[in-house]
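Numbering follows the UniProt record's numbering, in which position 145 of the sequence shown is assigned residue number 145; successive positions increment by one, without gaps. We treat Cβ as the ideally placed atom computed from N, Cα and C, and that holds for glycine. A quick note: this is a predicted structure, and the numbers were derived from the prediction, not measured. Working notes, beginning with the structure itself.
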Amino acid sequence: MPEDAAGRLARLRPAPAARRLTINGKFLQDNLVSNGVHRVALNFAAELERRASATIPTRIVAPAIGEDAGLVRDIGLAPELRPSVLGGGQAWEMLSLPALTRGDLLVNFCNLAPVLHPNSVVMIHDVQTLTVPDAYPKRQVQGYRMLWPAIARRARAILTVSEHSRQALADHGIGTLDKIFVVHNGTDHILRLAPDSDAVTRLGLQGRPFALALGALSSYKNMRTLFRAFQDPALAEVPLVITGRAGRAEYEARGWTPPPNTVFAGRVSDPALRALYEAASVFLFPSETEGFGLPPVEAMQCGTATIAADAGAMPEVCGTGARIIDPLDAEGWAHHVQHLITDTAARAELIAQGRTRAAELTWTHAGDRLWRLLEPML
């Protein structure tokens, strides 16, 4: 553990010894596949249970388990279900959970924690609900704006997933830098799944060079820069494969014009996504802000040359494993895509650098770091 973090841990507000460690499992009743925060929480919970249970009683408490119960079982979690007449939403988290976990160290991975709990740790992944509020439901924005300062004051420590997010939290008054600790996410969950190679065939992409991006209609995801980049005549024969439920009509309704060579893949399963990562010549991630940014490192895990935006946490997270480009420089994106597709040596070098960086961002490493931070609080 860095000396700075160890010193800051020693200065945290003391609390009575915890009788056990409890993980807030409210997220288990929600979607664990398409929601990045919930996916991260699932993996952090599994890593924490594997380490903590050897030295202190450990459990994960949830109001219910949703449709992804198979994922919960497969990753090795056995939640204690504690439904309430208050339902399974914020009332359960804010009112029922403190009573259920009295005397415990309560670990919360999904941006919120019960204000009434006297001994809790909360992971806040980013501040995008405050910086790009139009991308989120109004009720969520209002709730986070109201609750975060109170949660930050009450929590013994705040965790986040990048130095970029740590600084952003402090800048927005959500905790002080001394109280905020960084635990980078793991990213090798993508390698646990066998690739669905038929996904490439279904799109008619077998044997063809193509670029891959994860589509989104939120403005900060910046699909418009990719669409402008692929208007370059040099890329006219290179398919730009976009995943996600939005199609051409939805993007055009936003005033963005997908080029003719855009292939809309629709929503894809995780096995299909792994196959597309592995088959793509280059993966593109132009987002204008991210608290971490899982997809570029997932692509690097899969051996895909990656270009990411010089924005948010991407330079920190990707390091030298990806080419980092101005998110608004469409000509620059076009140039680097063409270079990586046509120059096999340059692509192979970037792939190797990506694998090296991705090897540092595994769930084992993330779990070790998390446990080193939490163990002194028990």
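Where does residue i fall in DSSP's three states?
i           : result
residue 306 : strand
residue 97  : helix
residue 323 : strand
residue 165 : helix
residue 203 : coil
residue 127 : coil
residue 17  : coil
residue 105 : strand
residue 64  : coil
residue 344 : helix
residue 383 : The structure shown has nothing for residue 383, since the chain only spans 1 to 378.
residue 356 : helix
residue 157 : strand
residue 351 : helix
Taking C-beta to C-beta, are residue i and residue j nearer than 8 Å?
i           : j           : result
residue 285 : residue 271 : no
residue 239 : residue 210 : yes
residue 122 : residue 65  : no
residue 61  : residue 80  : yes
residue 18  : residue 105 : yes
residue 260 : residue 9   : no
residue 114 : residue 133 : no
residue 127 : residue 152 : no
residue 183 : residue 373 : yes
residue 337 : residue 229 : yes
residue 119 : residue 249 : no
residue 88  : residue 26  : yes
residue 352 : residue 275 : no
residue 166 : residue 160 : yes
Rounded to the nearest angstrom, how far is the Cβ of residue i from that of residue j, given a contact under 8 Å?
i           : j           : result
residue 175 : residue 214 : Between residue 214 and residue 175 the Cβ distance is about 30 Å, and since that is not below 8 Å, they are no contact.
Have a look at residue i and residue j and give me their C-alpha separation to the nearest angstrom.
i           : j           : result
residue 102 : residue 28  : 21 Å
residue 305 : residue 46  : 30 Å
residue 125 : residue 96  : 24 Å
residue 321 : residue 82  : 43 Å
residue 189 : residue 180 : 26 Å
residue 201 : residue 279 : 10 Å
residue 78  : residue 364 : 20 Å
residue 301 : residue 224 : 26 Å
residue 142 : residue 21  : 30 Å
The ligand GDP heavy atoms versus the CB of residue i: any closer than 7 Å?
i           : result
residue 338 : For the structure depicted, the ligand GDP is absent and the ligand set is empty, with no information on it obtainable.
Alpha helix (DSSP H) segments (min. 4 residues) lying fully within the stretch 180 to 259: Listed in chain order, they are 198 to 202, 223 to 229 and 248 to 253.
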